[in-house]
Structures are given as C-alpha cells and as structure tokens.
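Undergrad:
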Amino acid sequence: MDEAGRGPLAGPVVAAAVVFPAGVPRRLATLLDDSKRLTAGQREAAFAALRRCRTAEIGVGAASVAEIARLNILHAAMLAMRRAVARLPAIPDLALVDGNYPPRLDCRVTCVVDGDATCLSIAAASIIAKVVRDRAMQRLAQRWPGYGWESNAGYATATHREALARLGPTRHHRAGFGTVAQLALALHPPAADPLPPADLAAAVPPLPADALPPALVSDPHVAAGFGGMQALMRPQHPEGQAGLPADEVDLALADHVFD
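The sequence shown finishes on residue 539 if you use this note's numbering, and the numbering steps up by one all the way, no holes.
(1) Can you check the region 337-362 for any beta strand (DSSP E) of at least 3 residues that lies completely inside it and give the ranges in chain order?
(2) Among the candidates W424, R306, R331, R307, whose CA atom is the shortest distance from the CA of I407?
(3) T439 by DSSP, collapsed to three states: which one?
(4) In this structure, how does DSSP classify R388 when only helix, strand and coil are distinguished?
(5) What span of residues does the beta strand (DSSP E) with V304 cover, start to end?
(6) Count the other C-beta atoms from every protein chain shown that fall within 10 angstroms of the C-beta of A360, then say buried if there are 16 or more, exposed otherwise.
(7) Which value, in whole angstroms, describes the spacing of the CA atoms of E442 and S344?
(8) Nearest-angstrom Cα distance between R388 and L374?
(9) Give the straight-line distance between the Cα atoms of D313 and W429, rounded to the nearest whole angstrom.
(10) Which residues does DSSP pair with L376 in a beta bridge?
(11) So does A370 have its beta carbon nearer than 7 Å to some heavy atom of the ligand FAD?
(12) Is A284 helix, strand or coil by DSSP?
(13) Spatial neighbours of N352 within its chain, please: CB distance less than 6 Å, with the 5 preceding and 5 following residues excluded, ordered by chain position.
(14) Can you have a look at N432 and say buried or exposed, based on whether 16 or more other CB atoms are within 10 angstroms of its CB?
(15) When you compare each of R362, C333, A466, V293 to R306 by their alpha carbons, which one comes out closest?
(16) Taking the alpha-carbon positions, what's the R317 to A325 distance?
(17) With a CB to CB cut of under 7 Å and the five nearest residues on each side skipped, what residues in its chain are close to G287?
(18) Does DSSP put A290 in a helix, in a strand, or in coil?
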C-alpha cells in the first residue's frame, strides 16, 4: 500500500492497495519502481500494464479536503488507505505499507520504510495512487484554471504560490496548511479580530452525513480524468474496512471530493 498527495496545498489524498496473489509477472516487474523515480510517461505505461494484469488485485481510496481539515493530513491518509483496502476483492492476511506509520486495518500490517523503492507491490500501489490523483487534478485544473494544477498537481510550486497570492484559495485548497493560510490572509487581511492560522482548520465545517452521495464519480469531467478507474474503485465490501459504513466508503472518490 501507498498514498499520494500528503504534501500538496490542494486536492485530496489518494491511496492504493495492490495484491499479486500469484506473484508479479516478470515483464510487469520491469516497469515497477517508486513513482517518484519514474517519469510521467513511465508511470502511465506502468499504470496501463497494471490495469491489464489479470492477476493484480487493485483497490483505490481517497480522503477529501474537508476530511483533511477535520482529521489532519496523516489521519486522512490513513483513512484513504482503509478505503483502498476495502475495495480489494478480499482482505489480505498481511498489508505491507510504505513508511513508518501503520493504518488501522482488519489484518496484520507491516511498515516498510522506503517500501516504494524496495517492494514491488508497494511500488505498484505508489504508481496507481499517483496517476489517479494526477489525473483528477488535471481535470480540476480545467474547471479551476490559473493555479497550474495540470502540471503541479496541487504542490507548492512557484506558479501555484503566485496564483494563490493573486487569486486566493479555492474550496479545493487545504485551509489548515500554513502556506495556504498565510497567502489567503495576505490577500485579504482581516480588519479586526483575525482568525489565527492554527484555527483555520477548525473553521472548516464538517460535511453533513446526508450530503454524501452514494454513487462513485458520476461527474463526467471527473470520470474522464480517471480513465476508466471507476471499476477499480467500486466497493467490494458493503460495510467497508474497519466498520466504515457504505456511504462513508463511497465518499472516497465520490462527486464532492473533486467537485
């Protein structure tokens, strides 16, 4: 398992879980590596090969900007991982997770530091998560132009920071992140009683439970950005992982996450 999108100033965090019950095919193995080491073209080629691989079991999950504000980015990433595992055909006996912080799962968990560079299943997960998130941000860039999301995927590049200072944040920006808060306050300084940046996350209202749509990615703009990933995101377990209710599992990649 691995995730993509813990560091950006905008957009959701996306996680993927990949299982190879029969082992990794040799030809596919040559395409797999830490997604950060691969070019965009290499990631797309590996992504396509993983989708074609009939013996690869893939689950994808995400946590929204609202959930990042409510939970903090670390716990939101753990939630995305739980949702990814919930979309596997079966819960594995053991989950190998990149990094050193284990998510709470209904199976044994082993953390592997730099696992995306040393473990093929984690490398595969890093590629899936990265490509899915990048495609979503590219689609968002068409609807929210000016921030360069089509190329920076929401990360704090000079172009993105300049656009934030000039245009202000969108609802897809992570208000609790210091850079976003500072640039937003610089653009629109409060006249009195300023809200401390540390309190900005608490100021983001939680999403009402009855606002969670049951269908995954029905928006055609978003659906096109995933390039057919909806089938991989369809929940396999009605109640999800670790007791998550069905509507909360569907939240992972539903309309309002990327709307």
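All C-beta atoms in this analysis are idealised placements derived from N, C-alpha and C, irrespective of residue type, glycine included. All of these numbers come straight from a predicted model, not from anything done at the bench.
TA: On the basis of the data shown:
(1) Taken in chain order, the complete beta strand (DSSP E) segments of 3 residues or longer contained in the region 337-362 are 337-343.
(2) R331
(3) helix
(4) strand
(5) Run containing V304: none; DSSP gives neither H nor E here.
(6) Under this definition A360 is a buried residue.
(7) 24 Å
(8) 5 Å
(9) 24 Å
(10) T390
(11) The model depicted lacks the ligand FAD and carries no ligand whatsoever.
(12) DSSP, read as helix, strand or coil, puts A284 in strand.
(13) none
(14) Burial of N432 is indicated by the presence of at least 16 other C-beta atoms within 10 angstroms of its C-beta.
(15) C333
(16) 14 Å
(17) Around G287, the same chain offers Y435 as residues with beta carbons nearer than 7 Å, after the five sequence neighbours per side are excluded.
(18) strand
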